[in-house]
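All remarks here apply to the structure that follows.
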Ligand code: MN
Ligand code: MN
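Numbering (the working numbering), first residue to last: 15 to 475.
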């Protein structure tokens, strides 16, 4: 054999996915990305993603989960976790005792939540005080257009949904930064300290109400909120309002190969799961799609992946077949669908290039996350990686390997460890992202599309 032949048969030979797609696959990729853009533009919070999934699922014949309900192969069921997370299932032809195939993503993203008492005035400017949620570089959030999203549980018990800043006719909101001319002291600080959490105050307005006394600008803002939404200041005590980057997903690059948007992490995987599930009719094993909340702060809380909500759903389905939940979990598989760090040639020093995911090389399979000596990682077994390798290869999915940066460079986690704690074999996989957790993140269209194909292959495995 020649060296070329040996190289071909013995060595890995990764190729840019864009060189592998047929013209028809290209078209399907573009159509898929248009669908994804509609979703990401409509869903900037976990509540919006959950509401979107419920609406789409119901239109496709999914029925709400009821404990004690009977189930048949092909039944489509969803379980809405208090409007903040959701699990959906398509019942398979095999018994639940043989396990379920799960794809689990999260639909919360880093952002700036309003504090419980947010409204104040200083220097004749009205502001909201915020408390950031998830891991952000605080210096990235001033001087960009922001939108207000969320709900208010009003005094009379009615719930109001608010979105301000997304319609072209809406005003946007903004955090200010210091002018460079007077930034001598600020520029000496580290990036971590240049903008502090208590400086992430959002400008609401500057016009004073005509009248006597103090805080007339704040009073004017409250008057506007009252006229439009019937709000009084104490309504903020029972609200979930958050500031997110305003605006829509855009194509990036002269070749339009990338997509820029707020919150690709992890709605790019959440949408991949949903789009794939909606194409599944009656799988062999029951297919389960999870859109979880609170991943960015540790998968905690009633809507996070550590919550018993998931047990209640699967146990309810198992009960209909007289199957023990523990037997179902023991035979189940979970693709923890979460984004990875794409190799960034601007910052090569943080990655082991040979083991890092790259844009356009397909869905990134991650054996372990964690930090230091794999601390906190689920660390998938050889068998689990083998299952994913075989399943994706058989389905013709373009995929690659991923690790989260150089050894001892930093780290992170996903819902994988919490799924594995349930005695479910779990592997991480997802879309490589540039500028992860920045207000606007970048992904490659090809990787979005291949992640959807990977989810479909797992559901049908
Ligand atoms: Mn994530
Ligand atoms: Mn994240």
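For each residue, glycine too, the CB sits at the ideal point set by N, CA and C.
What you are looking at is a predicted structure, and each value in this text was computed from that prediction instead of being measured.
Bounding residues of the alpha helix (DSSP H) (the contiguous stretch that carries residue i)
i	result
residue 125	Premise fails: residue 125 lies in the beta strand (DSSP E), 125 to 136, not in any alpha helix (DSSP H).
residue 350	Per DSSP, residue 350 belongs to no alpha helix (DSSP H); it is in the beta strand (DSSP E), 347 to 351.
residue 324	323 to 334
residue 291	278 to 291
residue 208	205 to 208
residue 265	From DSSP, residue 265 is part of no alpha helix (DSSP H) but of the beta strand (DSSP E) over 264 to 266.
residue 254	Note, residue 254: premise wrong, no alpha helix (DSSP H); beta strand (DSSP E) at 253 to 259.
residue 24	17 to 24
residue 142	Per DSSP, residue 142 belongs to no alpha helix (DSSP H); it is in the beta strand (DSSP E), 139 to 147.
residue 342	339 to 344
residue 119	Where residue 119 is concerned, there is no enclosing alpha helix (DSSP H), although the beta strand (DSSP E) it sits in stretches over 114 to 120.
residue 434	430 to 434
heavy atom of ligand 1 below 8 Å from residue i C-beta
i	result
residue 310	yes
residue 120	yes
residue 476	Since the displayed the chain opens at 15 and closes at 475, residue 476 lies outside it and no answer follows.
residue 280	yes
residue 428	yes
Check: residue i C-beta below 8 Å from any heavy atom of ligand 2
i	result
residue 225	no
residue 450	yes
residue 124	yes
residue 353	yes
residue 149	yes
Cα-Cα separation between residue i and residue j, rounded to whole angstroms
i	j	result
residue 229	residue 306	41 Å
residue 233	residue 373	49 Å
residue 347	residue 472	9 Å
residue 209	residue 314	27 Å
residue 166	residue 133	14 Å
residue 142	residue 186	13 Å
residue 456	residue 264	10 Å
residue 183	residue 261	12 Å
residue 420	residue 46	33 Å
residue 154	residue 147	14 Å
residue 68	residue 26	42 Å
residue 360	residue 450	14 Å
residue 121	residue 281	5 Å
residue 345	residue 427	24 Å
residue 200	residue 301	52 Å
residue 105	residue 235	51 Å
residue 49	residue 203	43 Å
residue 338	residue 394	25 Å
Spatially closest choice to residue i from the options, by CA coordinates
i	options	result
residue 34	201, 84, 413	413
residue 304	298, 291, 295	291
residue 380	387, 369, 373, 390	369
residue 401	441, 114, 198, 192	441
residue 231	325, 225, 220	220
residue 54	276, 359, 156, 332	276
residue 110	383, 451, 131, 332	332
residue 433	51, 351, 375, 334	351
residue 377	466, 294, 338	466
For residue i, the first and last residue of its enclosing beta strand (DSSP E)
i	result
residue 377	377 to 380
residue 72	Segment 60 to 73 is the alpha helix (DSSP H) holding residue 72; no beta strand (DSSP E) there.
residue 405	Looking at the DSSP string, residue 405 is not in any beta strand (DSSP E); the run it does join, the alpha helix (DSSP H), is 396 to 408.
residue 300	300 to 306
residue 274	272 to 275
residue 175	173 to 178
residue 46	Counting along the chain, residue 46 falls outside any beta strand (DSSP E), though it belongs to the alpha helix (DSSP H) covering 37 to 56.
residue 188	Looking at the DSSP string, residue 188 is not in any beta strand (DSSP E), and its letter there is neither H nor E.
residue 95	90 to 95
residue 230	Here residue 230 belongs to no beta strand (DSSP E); instead the alpha helix (DSSP H) covers 230 to 243.
residue 100	99 to 104
residue 467	Segment 459 to 473 is the alpha helix (DSSP H) holding residue 467; no beta strand (DSSP E) there.
residue 218	216 to 219
residue 415	413 to 416
residue 443	439 to 444
Closer than 8 Å: residue i CB and nearest ligand 4 heavy atom
i	result
residue 404	In terms of ligand content, the structure shown lacks ligand 4 and carries ligand 1 and ligand 2 instead.
Cβ of residue i within 9 Å of any chain B Cβ
i	result
residue 49	The structure shown contains no chain B; it holds only a single protein chain.
Three or more C-beta pairs below 8 Å linking the stretch 435 to 446 and the stretch 80 to 96: no
Within 8 Å, do at least three Cβ pairs link the stretch 71 to 84 to the stretch 408 to 428? no
Inspect the CB distances between the stretch 352 to 370 and the stretch 388 to 396 and report whether three or more fall short of 8 Å. no
Inter-stretch contact (C-beta, 8 Å, three-pair minimum) for the stretch 276 to 292 and the stretch 106 to 119: yes
Given 8 Å, three or more beta-carbon pairs between the stretch 262 to 279 and the stretch 449 to 460: yes
Are the stretch 90 to 106 and the stretch 316 to 335 touching by the rule of at least three beta carbon pairs closer than 8 Å? yes
Determine contact between the stretch 20 to 36 and the stretch 54 to 63, defined as no fewer than three beta-carbon pairs at a distance below 8 Å. no
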